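S.K.: Can you read through this structure? Questions will come right after.
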Amino acid sequence: MAEPEIHLYTAATMNGYKPVIFLEDAGVPYDLTPIDFARREQKAPDYMALNPNGRIPTIVDRGNGDFAVFESGAILWYLAEKYGRFLPEAPQARSETLQWLMFQMGGVGPMMGQAMYFQRIAAPNGQEVPFAITRYVEESRRLLEVLNTRLAGREWLAGDAYTIADMATYPWARAYPWAAVSIDGLDHLAAWFARIDARPAVQRALTIPKAQPAFWGAANPDDLLRENAARFASDVKGN
Ligand SMILES: N[C@@H](CCC(=O)N[C@@H](CS)C(=O)NCC(=O)O)C(=O)O
């Protein structure tokens, strides 16, 4: 059987799930190489030739001369254009989609990522920095409030249609328990979570390459907490 056009390098993280959510929902055939952070596969020279940032995700489009795309937002945008899905054609709706995609890439992801880092990696590895935790948790909450306001009276971030902006934002915002950010009072955001939680493609995607139920608030994350903290111990500078 012919190889699928899209080859995905990814791991079970918030950025890593984004292209999986697209590919599963669009029904695009793909194959996948899971990247093992414990073995630092994301820093291997062959991989960094595809992704100079040494992080996941990356896609290689065999249907386009093995063209490589890194940065999860750019990957979603590339796939949306290639397959004509989840990015509206109308200029204003398209711009709104890209505005909210950028808001995720420049705001929600980095801030929630730091909230997670200081609580889930730095602190259990001996670097407790309360100022940083407060700063990033509060900034994450502020950004979730911006999303909540945007979603008042709207089903999706860009308005009428589920787009790559929703796909990019969901894995981060929905991981509020892992970032220990409250969503109390953010009812529009919670309703948007429920709409996306219910999509069968999203349910499938969040198990590829493996499930991380603690991200989304499932009980008993102790094993994952320990395993995660140990896995990234060497990244905690100053130890
Ligand atoms: N802006 C990048 C961020 C990618 C990123 O930070 N990926 C993380 C996982 S969510 C990673 O590869 N971490 C491994 C490392 O830092 O070495 C994107 O959106 O693709």
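Here the sequence shown stands for residues 5 to 243, where the numbers follow the working numbering.
Cβ coordinates follow ideal geometry from the N, Cα and C atoms, glycine included.
Being a predicted model, the structure only gives us computed values, none of them experimental.
Just tell me which of A198, F236, M18 has its CA closest to the CA of Q131.
M.R.: F236
S.K.: Between A162 and E100, how many whole angstroms is the CB-CB distance? I'm expecting something under 8 Å.
M.R.: Correct: roughly 4 Å between the Cβ atoms.
S.K.: By DSSP's criteria, V73 is part of a beta bridge. Which residues make up the other side?
M.R.: Note: V73 is bridge-paired with I63 in the DSSP secondary-structure output.
S.K.: At 3 residues or longer, and completely inside the stretch 90–164: list those beta strand (DSSP E) runs for me, N to C.
M.R.: Counting only runs of 3 or more, we get nothing.
S.K.: Counting beta carbon pairs with one atom in the stretch 108–117 and one in the stretch 171–182, are three or more of them shorter than 8 Å?
M.R.: The stretch 171–182 vs the stretch 108–117: in contact.
S.K.: Is there contact between the stretch 13–30 and the stretch 197–207, where contact requires at least three CB pairs shorter than 8 Å?
M.R.: yes
S.K.: For I168 and L91, which I take to be in contact (beta-carbon distance under 8 Å), what is that distance rounded to the nearest angstrom?
M.R.: 6 Å
S.K.: Grouping DSSP H, G and I as helix and E and B as strand, with all else coil, what is T173?
M.R.: helix
S.K.: Do three or more CB pairs link the stretch 146–157 to the stretch 185–195 at distances below 8 Å?
M.R.: yes
S.K.: Taking all protein chains shown into account, decide if K47 is buried (16 or more other Cβ within 10 angstroms of its Cβ) or exposed.
M.R.: exposed
S.K.: Look at H11 and R66 and say whether their C-beta atoms are less than 8 Å apart.
M.R.: Note that the C-beta distance between H11 and R66 is below 8 Å.
S.K.: For M120 versus K22, is the C-beta spacing smaller than 8 Å?
M.R.: no
S.K.: Which first and last residues belong to the beta strand (DSSP E) in which L12 is found?
M.R.: In the DSSP assignment, L12 falls within the beta strand (DSSP E) that extends over 10–14.
S.K.: Is M109 near ligand 1, with its Cβ less than 7 Å from a heavy atom?
M.R.: yes
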